[in-house]
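A.B. asks: Got a structure here, written out as structure tokens. Questions coming.
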């Protein structure tokens with residue numbers, strides 16, 4: 356082990372550092388600005404494209420975090436070579452020691468970055484999914500290097516650290532599909548006609564403009580009896596998960612009108 360340490364340190368000791376002047380700092384600022392613009396423009400264009408291809412919306416939007424990782428890594432590489440002129444061996448040694456230092460000194464940030472990479476490639480959830488992670492439920496609007504942004508039903512934006520994917524259970528309501536199951540519960544007095552209540556709820560569900568009913572996306576109306584009330588539950592799919600709450604509201608309103 357003692358013999359291995361000099362082999363790592365020798366390439367680093369031979370690194371040639373560039374003279375840091377105004378032009379170097381200007382070059383670094385230029386790289387950062389270009390990277391930011393590239394990420395912003397590519398994200399904007401991919402989101403626009405995803406809206407034009409609703410069937411492949413989730414697939415297209417998942418290219419956004421991939422583009423971010425590629426652009427940020429490329430920018431970091433060019434910033435490094437602006438200060439030093441490494442050969443391949445030195446570059447590998449530098450990144451190895453940099454990763455070790457990052458892991459020890461900034462372990463939470465390092466865990467977030469690794470979590471972001473895992474999310475992008477293993478896809479426990481995607482941009483556009485409705486997920487529950489920990490106690491937070493919402494729509495995934497962005498998957499970044501450090502965190503995932505969710506928009507809750509109350510229209511609050513929540514940043515969830517990516518490392519939570521290793522320690523928290525993640526529940527995806529649609530698992531990358533555009534369609535999503537929605538559950539609607541109605542509670543009626545136990546003296547009411549349960550059969551009629553189920554029929555009314557069924558009519559409200561299947562006649563909704565938001566619902567999709569096919570062999571792949573069936574609907575179900577269920578009845579549960581409790582001591583003082585009946586619970587009538589509808590399980591149906593909306594064609595676009597973004598209409599989840601509109602569908603719930605419409606079906607509930609029409610059922611009570613009846």
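In my numbering, the protein residues as written are 356 to 613. Built from N, CA and C at the ideal position, the CB exists for glycine as well. Remember, it's a predicted structure, so these values are computed and weren't measured experimentally.
Evaluate the contact criterion for the segment 523-539 versus the segment 496-514: three or more CB pairs, one atom per stretch, below 8 Å.
C.D. replies: no
A.B. asks: With distance defined between alpha-carbon atoms, name the residue in 612, 432 and 545 nearest to residue 580.
C.D. replies: 545
A.B. asks: Which ranges would you report for the beta strand (DSSP E) in the segment 547-607 if only whole runs of at least 3 residues count?
C.D. replies: 575-580 and 584-593
A.B. asks: Considering only DSSP beta bridges, list what residue 535 is partnered with.
C.D. replies: For residue 535, which the question treats as bridged, DSSP gives the partners 593.
A.B. asks: Return the CA-CA distance between residue 537 and residue 556, expressed in angstroms with no decimal places.
C.D. replies: 14 Å
A.B. asks: Measuring alpha carbon to alpha carbon, tell me which of 430, 564 and 549 ends up nearest residue 604.
C.D. replies: 564
A.B. asks: Taking contact to mean at least 3 C-beta pairs separated by less than 8 Å, is the segment 580-598 in contact with the segment 510-522?
C.D. replies: no
A.B. asks: Starting from residue 435 and walking both ways along the alpha helix (DSSP H), at which residues does that stretch end?
C.D. replies: Residue 435: member of the alpha helix (DSSP H) spanning 418-438, first to last residue.
A.B. asks: Buried or exposed, going by whether 16 or more other CB atoms sit within 10 Å of the CB of residue 403?
C.D. replies: exposed
A.B. asks: May I ask you to verify whether the segment 379-390 touches the segment 481-493, counting CB pairs closer than 8 Å and requiring at least 3?
C.D. replies: no
A.B. asks: Using a Cβ-based criterion (distance less than 7 Å to any ligand heavy atom), does residue 470 qualify as near the ligand FAD?
C.D. replies: Although the ligand FAD was asked about, the structure shown includes no ligands whatsoever.
A.B. asks: Within this structure, are the beta carbons of residue 610 and residue 541 separated by less than 8 Å?
C.D. replies: yes
A.B. asks: Quick one: give me the first and last residue of the beta strand (DSSP E) that residue 336 is part of.
C.D. replies: Past the edges of the chain, shown from 356 to 613, lies residue 336, and the structure says nothing about it.
A.B. asks: In terms of alpha-carbon separation, which member of 598, 391, 570 and 596 lies closest to residue 424?
C.D. replies: 391
A.B. asks: Run through DSSP, which three-state label would residue 478 get?
C.D. replies: coil
A.B. asks: Could you please give the first and the last residue of the uninterrupted beta strand (DSSP E) stretch that includes residue 401?
C.D. replies: Taken as a continuous stretch (DSSP letters only), residue 401 belongs to no beta strand (DSSP E), being part of the alpha helix (DSSP H) at 377-407.
A.B. asks: Return the bridge partner residues of residue 484 from the DSSP annotation.
C.D. replies: According to DSSP, which records beta bridges pairwise, residue 484 is partnered with nothing at all.
A.B. asks: Can you name the start and end residues of the alpha helix (DSSP H) that residue 514 belongs to?
C.D. replies: Unbroken run through residue 514 is the beta strand (DSSP E), 512-516; no alpha helix (DSSP H).
A.B. asks: So, helix, strand or coil for residue 522, using DSSP?
C.D. replies: Residue 522 sits in a helix when the DSSP states are folded into three classes.
A.B. asks: If the criterion is Cβ atoms closer than 8 Å, does the pair residue 500 and residue 468 meet it?
C.D. replies: yes
A.B. asks: Residue range of the beta strand (DSSP E) that residue 503 falls in?
C.D. replies: Residue range 502-506 is occupied by the beta strand (DSSP E) that includes residue 503.
A.B. asks: Measure the C-alpha to C-alpha separation of residue 389 and residue 539 and round it to an integer number of angstroms.
C.D. replies: 48 Å
A.B. asks: With a CB to CB cut of under 6 Å and the five nearest residues on each side skipped, what residues in its chain are close to residue 516?
C.D. replies: 467 and 502
A.B. asks: Measure from the alpha carbon of residue 428 to the alpha carbon of each residue in 394, 560, 476 and 599, then state which is nearest.
C.D. replies: 394
A.B. asks: May I have the straight-line CA-CA distance separating residue 412 from residue 596, to the nearest angstrom?
C.D. replies: 12 Å
A.B. asks: For residue 583, does the count of other Cβ atoms within 10 angstroms reach 16, so buried, or fall short, so exposed?
C.D. replies: exposed
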